[in-house]
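Chains as they are written, first to last, in the working numbering: chain A, 27 to 375; chain B, 27 to 375; chain C, 819 to 1153; chain D, 819 to 1153. Heads up, the beta-carbon is just placed ideally off N, CA and C, and yes, glycines get one too.
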Ligand SMILES: Cc1ncc(C[n+]2csc(CCOP(=O)(O)OP(=O)(O)O)c2C)c(N)n1
Ligand SMILES: Cc1ncc(C[n+]2csc(CCOP(=O)(O)OP(=O)(O)O)c2C)c(N)n1
Ligand SMILES: [Mg+2]
Ligand SMILES: [Mg+2]
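Structure follows, in structure tokens:
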């Protein structure tokens, strides 16, 4: 178990400067997702849950590029991003198990992770909802004279909803500092992209808004980070939004216990050959920062940490009844807890 | 005044096979719009009204290409299309003055013209609403084994609403027989297109849906018809939708008494030089089907007809109170009036 | 008597409608190849083909609007909103377009379409996937709104809705999909839209409920010492004045059990109407049992408290019957 | 006393808020360069600049959602929905996203935003541009809903709404924009959200109204032989129980005048609450005066009949007071 103070979201975020930590975070994401699947089978998870294993490089590549006070909107498939951005395994697993130590205090659940201290808005369960919200964060950043950017993360299927189109157009005409990131994992629920979308590359759609559209190898964390750096720099410089398409793949089904029988034959195997964690581990070994034994040591360490966090969560209390009545409007208790982004580091806890 | 039976929507539509009739229809549209502006000033028109003078070639070019039982969805700026498709001046002016002889019996008003006998759905007052509805008509056409097409007409500003994007994607993936027609008159309300849309040509957006995107000279009725023929043929053949961008211009302000002071200086004058009615009249003269005197004669004739229709409308009764309570659901009176498209010519009255 | 899960009853209603009427088509996300996220449309693609059971992109506006256009052009589209919240991006097409089509064409064009949606709380789907939201539709001229309470009613309502010449919303409480109920009705079985059903007779109070709250109300009414009549509303707009007034005239007391906040629930209109029509004839003030004014919580213990339970409904009703006074809701005691 | 058109009062409220609070921004279609389709934002762009008064594309989802994001990040966005119907393509962002932000973050993130919209009938804008549609919002936990009734109230409500830490919808009856009213309030004037106002005292009945119906109710109450109290509801959710109950306790009779159908109007909840709280203390059954169950007609004579008029409200109220029985609505006599 890490020392207490290194397990704050902000410390976890800052740790990502280190390449070994990036690898560890990708391992952590994978292990947390696998643990969630088991928690689901064991009846600890209510409703639904949407895993992102296979997509770890996208999450860590984004998180390592942007700053903790850049703003991120994301979806129900957001465990990976929450962890990458800095949310703790306790916060994520705790939320998914509905406990007080969850990042939304057990009120939100798997689809509604949140971590304001590292810029993560509550992840939205409605397709497309995060894109306009990111535009608004970008408007605020501009209006408040910061160079902060907003990042909207969504899936390939979400590129067919109206909010996608309206947001890209709006951001383009307003030259908003937004980076739109489509995680193209080839499926929206149980439908392969070719069944719902008449083009193969979502990035093409950038043309409709006169913004850069970039196709990125989403399995390669360095490629993700490099592409992000360009887009973020553009946004910070006031040159407007970009559309980034991260080609990736989800190893799990869409949600809960979906066996994903709709996959093309052999497709999963092909993608497993370019597993983002293995790719990055091999790279680090190649660079000489790790040896093969080191990778295994890390994996074992992360496994223990995730299991430790899980046990902490399972021992944590359920929320009090009053909690669900408290955060409706400013008349309720706790209305003074507001985090003010950017001008108030104290808000970051 | 024309003989009674030539003033039915279907007869008016069929008349458009003749090129002189096309010119007359364009003149009629212009004159009706001008008459509406005066009726508005005189207090006969309630709410708002949206003129399409300057855009006559688009309307007539479309109407002369498609069949009376193809389906059309359109917007509040729909007087031109209603008249071109066959709605009578009495039906259009009557509706705008809220009289029983109006095409919606005075219940709808300027924004809600309708003429099922020639395929015109009630024009929608909500931006974007007509595009998904046209997709649905196309689904029905396919399902019912006809080769009928659906045409959705909308403005340049409407190309920024979510429904545009969703509809084009949906139609493309389903290969629906739809023709999407953007009347790019350079303004959405009081905003020039460059202030709301980061690209100049809406047709570019077709790329996002792998469908043809065609830029058309909307001032030239023959160019409109030629482009439409290709798109309609494609749709009828089962090859899917097209996006047509008609470059045109509205001479009036957006609505009511908008003086359109937001226009670029000189812009209107430039467009007046390529007035669609003059262009077509000159062409017919050039072709030898008319001489200059003949054009003036037609104009005088149309003016008298439009004035006659206006007087007819102003003498027509207001609707009965019971009308507004009658058409809510099938439990009300008149529920047996339903027009069944395609398999029932009797429905066409 | 045969037992059937509500999921299967939905499927049977759709299958029967598709079989009997060639103009019926279905549209929605993953309803065809995948058989639906809740498995309520399983097998329909195989039987009826992709022209009739249509998978759509994630584009609620497009397919909701397409249903309007297809309905006008002679089809009877049945649209699935996977979770009723999703219509929040497409409400215009239903309330502003579909519901005005007949009016604007004076009967010449109509929109016989059905929106089916899973709805309601109880399973930990969180606050954006657990609402009923019937108040978005209720009271829209031209639109009817129904809520199913089990296998029999979902079948009867869906069949009637699909045959109705006007647009109808049918809300299917998601929590009931897996519930097994008696089902012994022929394919001709219909529940007339606009009619409520007395599902338990009683004399001390009339409990009106719909959806999953019908079970809750019935269980409450079965508790010792209570002699309550339970009415399953079935169609919540327009609702059945006759059946409710008749019952309350008999019992003298009205209790509504609503899966809605007080500000948005259907009970307001019913209580208002009953208070007016039976003015002076009631033994006690009408009691509305609603949700607290809060989003649906994820945590299981919280969500169980959030929804009216049989014990709570029984206690509140018993208190009303014995004292003829309105008991406090739990959250006023709690906070 | 100074007179001011409601249009100018809206403008002054926005201008004052923009001046006093640098975090206030505005977004909407043609609100900036063009000064707004109803000229309620004229001059604001020139004074406050394009960073604060923002013209948007025709993209209600984008700018409604952008308001949510900007609000969370420290701004106070005021969004204009030109006609309230337009939110039918963007409702999700307001009710599902904005209203749950505080809850999902347990107070850490909040959305102090205002949606202003022109609403209501009377001017021949037809059935897709003439509704109130407050039922789409009412009862959403976390969201407040107000309706202005003139220059003074629009100013007071807008200023309070913009200062409120939570999302607020303010409906502005379009028909009142051109109406001139007394206006003699300082820039510090606010109408507290959640509070109603007694705008005319009386003893025989309490007429509750909002929006343009407040004028109708006042004119009705001024007719000979009537001694009615008139309450301007102002905030329709959450509504002011105290003021209404106090008045009805005094008069013994309640009349609501609603620009809504019976199935969707705010009167249901109020009548239900009053019937319950004042059970046995009312002299007559509560009377709801609503719209018929029909879309808004275009024709002027029809639309005038469609909306409750002062004469009609006076006649119905007089009938209630004299007979203590509910009179029939006009459409039941008509059809
Ligand atoms: C408006 C709306 N429609 C439908 C859904 C249901 N839904 C949840 S996830 C999903 C698929 C999304 O696919 P994609 O955008 O590719 O994201 P992924 O799950 O692959 O990350 C759908 C249709 C929703 N949540 N919101
Ligand atoms: C959803 C929605 N938003 C806004 C409006 C208001 N509105 C009516 S017309 C119009 C401009 C439309 O411009 P364009 O699409 O170019 O069509 P044009 O009027 O030029 O024919 C706007 C914004 C509306 N009717 N519906
Ligand atoms: Mg995907
Ligand atoms: Mg335009």
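A residue is called buried once 16 or more other Cβ atoms fall within 10 Å of its Cβ, and residue 1098 (chain D), having fewer, is exposed. Short of 7 Å from the beta carbon of residue 917 (chain C), and not among the five residues preceding or following it, lie these beta carbons of its own chain, in chain order: 958, 959, 960, 961 and 985.
Contact between residue 1050 (chain C) and residue 997 (chain C) does not hold, since the beta-carbon distance rounds to 14 Å and is not under 8 Å.
Going by DSSP, residue 873 (chain D) is part of no alpha helix (DSSP H) but of the beta strand (DSSP E) stretching over 871-873. In this chain, the beta strand (DSSP E) harbouring residue 209 (chain A) covers 204-210. Annotation: residue 999 (chain C) is outside any alpha helix (DSSP H); the continuous beta strand (DSSP E) that includes it extends over 998-1000. The way I'd put it, the stretch 82-97 of chain A does touch the stretch 235-252 of chain A; three or more beta-carbon pairs between them come closer than 8 Å. In the displayed model, residue 61 (chain B) falls within a helix according to three-state DSSP. Proximity of residue 199 (chain A) to chain D, defined by a Cβ-Cβ separation below 8 Å, is satisfied. For residue 248 (chain B), the secondary structure class from DSSP, reduced to helix, strand or coil, is helix. In the three-state scheme derived from DSSP, where H, G and I count as helix and E and B as strand, residue 970 (chain D) is classed as helix.
Ligand 2 has no heavy atom closer than 7 Å to the beta-carbon of residue 902 (chain D). Within the same chain, 57 come within 7 Å of residue 329 (chain A) by CB-CB distance, once the 5 residues on both sides are set aside. Under the three-pair Cβ rule at 8 Å, the stretch 90-110 of chain A does not count as touching the stretch 318-329 of chain A.
Here the distance from the Cβ of residue 182 (chain A) to the nearest heavy atom of ligand 3 is below 7 Å. Counting only the Cα atoms, residue 974 (chain C) lies some 12 Å from residue 1002 (chain C).
Within chain D, no C-beta atom comes less than 9 Å from the C-beta of residue 843 (chain C); the nearest is roughly 24 Å away. Exclusion of the five residues before and after residue 41 (chain A) leaves 47 as the residues of its chain whose Cβ lies within less than 6 Å of its Cβ. Residue-level contact check: residue 215 (chain A) touches chain C, since one or more beta carbons of chain C fall below 8 Å from its beta carbon.
Across the structure, residue 1023 (chain C) and residue 1046 (chain C) are spaced so that their CA atoms are roughly 5 Å apart. Shortest Cα-Cα distance from residue 874 (chain D) to any of A:52, A:123, A:143 and A:195 involves A:195. Nearest in C-alpha terms to residue 1063 (chain C), of all of C:1081, C:1093 and C:1129, is C:1093. The C-beta distance from residue 140 (chain A) to residue 112 (chain A) rounds to 12 Å, too long to meet the 8 Å contact threshold. Residue 909 (chain D) has a beta carbon lying within less than 8 Å of a beta carbon in chain C.
Between the beta-carbon of residue 937 (chain D) and that of residue 980 (chain D) there is about 18 Å, and that puts the pair past the 8 Å contact cut. In this model, residue 1082 (chain D) and residue 274 (chain B) are separated by some 43 Å (Cα to Cα).
At a C-beta separation below 7 Å, residue 867 (chain C) has no neighbours in chain A, since its nearest C-beta there lies roughly 16 Å away. A direct Cα-to-Cα measurement between residue 825 (chain C) and residue 850 (chain C) gives close to 15 Å. Cβ proximity to chain B below 8 Å picks out nothing from the stretch 47-78 of chain A. Only exposed fits residue 1000 (chain C), as fewer than 16 other CB atoms lie within 10 angstroms of its CB. Residue 1121 (chain C) is classed as buried because its beta carbon has at least 16 other beta carbons within 10 Å across all chains shown. For a Cβ distance threshold of 8 Å, nothing in chain B lies close to residue 936 (chain D): the least Cβ distance comes to about 12 Å. Inclusion of residue 891 (chain C) and residue 163 (chain B) in the CB contact set at 8 Å is warranted, their separation being smaller than that value. Between the alpha carbons of residue 335 (chain A) and residue 39 (chain A) lies a distance of about 18 Å. Closest in C-alpha terms to residue 854 (chain D), from the list D:905, D:828, D:837 and D:1076, comes D:828.
Leaving aside the five residues that flank residue 1028 (chain C) on each side, the residues in its chain whose CB is nearer than 7 Å to its CB run, in chain order, 965, 967, 1050, 1051, 1052 and 1054.
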